[in-house]
Each structure stands twice: as structure tokens, then as C-alpha cells.
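Here the structure comes first, spelled out in C-alpha cells, and everything after it is commentary.
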Amino acid sequence: MRTARLHGITDLRVGNEPAPEAGPGETLVRVTAVGICGSDIHWYEDGAIGDARLDRPLVPGHEGAGVIVAGPRRGERVAIDPAIPCGTCRACQEGRRNLCYNILFSGNGVTDGMLREVMPWPSSRLHPLPDTVSDEAGAMLEPLGVALWALDLGRVPFGGTTAVVGCGPVGLLLIQLLRAAGVSRLIAVEPLPHRREAAAKWGADEVLDPTPASAPTSAPTRGAAAPDFSSYGVDVAFEMAGNDDAVHIAMESVRPGGHVVLGGIPGSDTTTFRASLARGKELTFAMVRRMNEVYPRAIDLAARGVVALDPLVSSRFPLTDAPAAFAAARRRTGLKVVISALP
Ligand SMILES: [Zn+2]
Ligand SMILES: [Zn+2]
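Those letters in the sequence shown? Residues 367 to 709, per my numbering, in order.
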């Protein structure tokens, strides 16, 4: 069975491994589509993410879909929920399963992920896909779930105003969700031109480049040329980039008493912001930890066409070319790179 395994920093190898068997409560899935995520790139470039480190060769991949190959559900197309909460700890019992003390997560730490032909996975974490949702869209349900959970945490008032800072795949999906949720005004902020274009296409009212036109410039000039984010005063600002500049823009663009949702993952595992700005507006912050149990809602939104997932896929590679796929994802020239087993 072909498997892509990350042995060390930028050392991703595709090899043959014995086919896995399903344990108790598990089902074997033939993986058909896997999206490469910014967090996979953290593993690939840094050999770590946050406080988790690569201490054994790991199969990456947590955004996936496939087909069940054995057992009573054989032939069923499914989205693979990457999180396995224990179900019994305090967080799980209180319904905060994404915060489970004992959580296992596909392609993270000791849990091999989806970049392999066949994988065993807990049957209860395999969500049936309707015919109207493609395998690649099934893989995109994971970033959609994160966007949906960020939206929940933001408590956007009906008809409210919002800003999305960082328009990678999760930011772009969030823009679609906010539009569907009926926000009155939506500002998007993104330095990369092709992502700004996508943000405008998917419903942002105003799309801003946070960097001034003439680079390089000195700090004071930069401040003068960059947009005045404090003039927007939105109800909720979502930071979906993972760096302090984006956090600052989100804080600037929100109104006094507003909410700031921090969804990015900083490479340095540290977020710093100006306390006076946060205190001066008495801001409320929400940190996003992946998602709680939102797969059923995400599937329903995709099936009803409320959110378009397929256009997010900008390039495809077979599993054998996984190293090239990671190199492409790292260049950030497209939107979502997918490893596809489909013809
Ligand atoms: Zn992800
Ligand atoms: Zn638990």
C-alpha cells in the first residue's frame, strides 16, 4: 500500500507499507481525496506545530474523503472526520469534544493521517456523503467545519458587520458562510492578489491589501500608505492568517466592545498584541481550536449548495507525487492543493 510519510523537516517519502487492518470499532476506508492544509505545511517546514513535535515518522493529512472498502457499509462514500475525542473526559462530557484532553487527530503527533491508499478509522467518525457532494468537496468539509466553528465563536449579530483578515481556504469559506448568514457588510484583508480576487468573487464587499503599494518603505511611510482599518468599526473581526500583523488589523478594524476571533496558527507559537488597543475597546477574544461537532451541518450546507467547495481546489496531484504537492502548497500560488486518487 502506498503511503506518504514525513521523516523529518521537508523529508516526505512515498513508500510501500503493509496494508492496515481495521481494529474494533473501526472501518477500512480507501482514501480518494486529501487537502493539504497550512498546518500540514507547519509539520513539513518546522517538524512541529504549536507545542506538538514530530518525534516519529508521521503520515500527514487530515482533510479527507474516501470510500468504505469492507464491512456492512462497503461502498459508502464518506467524509473522514479527523478528530477522535475520547467521549468520557470532562471536556467531552460537557459537549466540548474538540477540547478533549485525550483527543487523537489524523496526521498529528502519534496518529497517522490520510496520505495513504487505505486507512482504518473509527466508524463513528465516517460521515456519509450525499451524491451531490464530490469527494474533493468531502475533503474540503474539514476547513469548512473550522470556518463554521469560527463563525459560531464570533457570535455575529444578525445583519451585523464583519472583517475577515487572511483569505486562505478557511478565510474564503468563512466569507461564503458570512454572506449566507446575512451580514450587512463584509471586509476582507489579504496580501496575495489571487486570494483577494477570490474573496471578491465569493462575496466580500470590500477587499483590502494590507501592504502599501510602494514597497520597500520605511515604517512611518508604510503606516501612512496602508488602509485605515480603524475607520471600519465592524462588529466581529476574524483573524485567519496566523501572524501578529493580522491580529493587529483585526483589532483595529473592530468597533469598541466588538469581538475578535483568532483562528490563525502562528508558526512561533506566540501571539502578541497591543494591550492598550485591546483594553481601549474592551475587546472580547475567542480562540479557535479546530471545530466541535459540526460535520453534519457542514455536509448539509455543502449539499444544499449554500457553500461552494469544489472551486477551492486549485491543483491536484497523485499520492506518488506527494512531495511535489507539498512544494506547491508551500508556494501559496493557488488556493487548495489536493492529493487525489480519482482518475
Ligand atoms: Zn486543516
Ligand atoms: Zn475526551
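For glycine and all other residues, C-beta sits at the position ideal for the given N, C-alpha and C.
#1: Would Y598 and T527 be called neighbours here (beta carbons separated by less than 9 Å)?
#2: Among all the DSSP beta bridges, which residues are the ones paired with E618?
#3: Does the count of Cβ pairs from the region 479 to 495 and the region 434 to 451 closer than 8 Å reach three?
#4: Tell me whether T587 sits in a helix, a strand or coil according to DSSP, three-state version.
#5: Would you kindly work out how many angstroms separate the C-alpha atoms of V600 and V531, rounded to a whole number?
#6: If you measure from each CB to the nearest heavy atom of ligand 2 and keep those under 7 Å, what residues do you get, in chain order?
#7: Relative to the C-alpha of G671, which candidate in G473, W487 and V499 has its C-alpha closest?
#8: For M480, collect the residues of the same chain with a Cβ closer than 7 Å to its Cβ; drop the 5 residues on either side in sequence, then sort them by chain order.
#9: Can you tell me whether H428 sits near ligand 1, meaning its C-beta is under 8 Å from at least one heavy atom of the ligand?
#10: Could you give the distance in angstroms between the alpha-carbon of G646 and the alpha-carbon of M653?
#11: May I ask you to report which of helix, strand or coil DSSP gives S596?
#12: Inspect the CB distances between the region 499 to 512 and the region 690 to 706 and report whether three or more fall short of 8 Å.
#13: Quick one: is the Cβ of G608 within less than 8 Å of any heavy atom of ligand 1?
#14: Go to I434, then tell me how far its alpha helix (DSSP H) extends in each direction, as first and last residue.
#15: Report the residue ranges of all alpha helix (DSSP H) runs contained in full by the region 399 to 451; include only those spanning at least 4 residues, in chain order.
#16: Based on the DSSP output, what are the partners of F604 in its beta bridges?
#17: Measuring only the C-alpha atoms, how far is P582 from P576?
#18: What is the rounded straight-line gap between the Cα of Q542 and the Cα of E563?
#19: From the DSSP output, read off the bridge partner residues of P494.
#20: Taking DSSP as the reference, what is the three-state secondary structure of L350?
#21: So, with DSSP's three-state summary, where would you put I469?
#22: Are the CB atoms of A641 and F595 within a distance shorter than 9 Å?
Walking through what the data contain:
#1: The count along the sequence shown starts at 1 and reaches residue 598 at position 232. The count along the sequence shown starts at 1 and reaches residue 527 at position 161. Contact: yes.
#2: Against the sequence shown, residue 618 aligns to sequence position 252. In DSSP, E618 forms no bridge with anything.
#3: yes
#4: As a first step, residue 587 must be located in the sequence shown, where it is residue number 221. Caution applies to T587, whose pLDDT of 43 falls short of 50 and renders its modelled position unreliable; the value that the coordinates give is listed next. In the structure shown, T587 sits in a helix (DSSP, three-state: H, G or I).
#5: Translated into the one-based positions of the sequence shown, residue 600 becomes position 234. Translated into the one-based positions of the sequence shown, residue 531 becomes position 165. Each residue's Cα considered, the two are about 12 Å apart.
#6: P451, C452, G453, T454, C455, A457, C458, R463, C466, Y467, N468 and I469
#7: Here the question's residue 671 lines up with position 305 in the sequence shown. Ranking the options by Cα distance to G671, first place goes to V499.
#8: For this step, residue 480 is matched to residue 114 along the sequence shown. Only V397, V400, G427, H428, G430, I446, S472 and G473 meet the Cβ criterion.
#9: Position 62 of the sequence shown, counted from the first residue, corresponds to residue 428. Yes, ligand 1 has a heavy atom inside 8 Å of this Cβ.
#10: Taking the sequence shown and counting its residues from 1, the one referred to as residue 646 is at position 280. Taking the sequence shown and counting its residues from 1, the one referred to as residue 653 is at position 287. Spanning the two alpha carbons is a distance of roughly 20 Å.
#11: Counting from one through the sequence shown, the residue named residue 596 turns up at place 230. Helix, per DSSP.
#12: Output reads yes: the region 690 to 706 touches the region 499 to 512.
#13: Taking the sequence shown and counting its residues from 1, one reaches residue 608 at position 242. G608 Cβ: outside cutoff for every heavy atom of ligand 1.
#14: Counting from one through the sequence shown, the residue named residue 434 turns up at place 68. I434 -> not in any alpha helix (DSSP H); beta strand (DSSP E) instead, spanning E429 to I434.
#15: Counting only unbroken stretches of 4 or more residues, the alpha helix (DSSP H) elements lying wholly within the region 399 to 451 are 404 to 412, in sequence order.
#16: Taking the first residue of the sequence shown as position 1, residue 604 is located at position 238. Answer is V530 and V627, bridged to F604.
#17: For the purposes of this step, residue 582 is identified with residue 216 of the sequence shown, where counting begins at 1. For the purposes of this step, residue 576 is identified with residue 210 of the sequence shown, where counting begins at 1. Confidence in P582 is poor, its pLDDT being 47 and thus under 50, which makes the residue's placement too unreliable to answer from.
#18: Here residue 542 refers to the residue found at position 176 when the sequence shown is read from its first residue. Here residue 563 refers to the residue found at position 197 when the sequence shown is read from its first residue. Cα-Cα distance, rounded: 14 Å.
#19: Within the sequence shown, residue 494 is the residue found at index 128, counting from 1. Note: P494 sits in a beta bridge opposite V444.
#20: This structure cannot speak to residue 350, because the chain is shown only from 367 to 709.
#21: The residue labelled residue 469 in the question sits at position 103 within the sequence shown. It is coil, neither helix nor strand.
#22: Residue numbering aside, residue 595 sits at position 229 when the sequence shown is read from its first letter. Residue numbering aside, residue 641 sits at position 275 when the sequence shown is read from its first letter. In this structure, A641 does not lie closer than 9 Å to F595 by Cβ.
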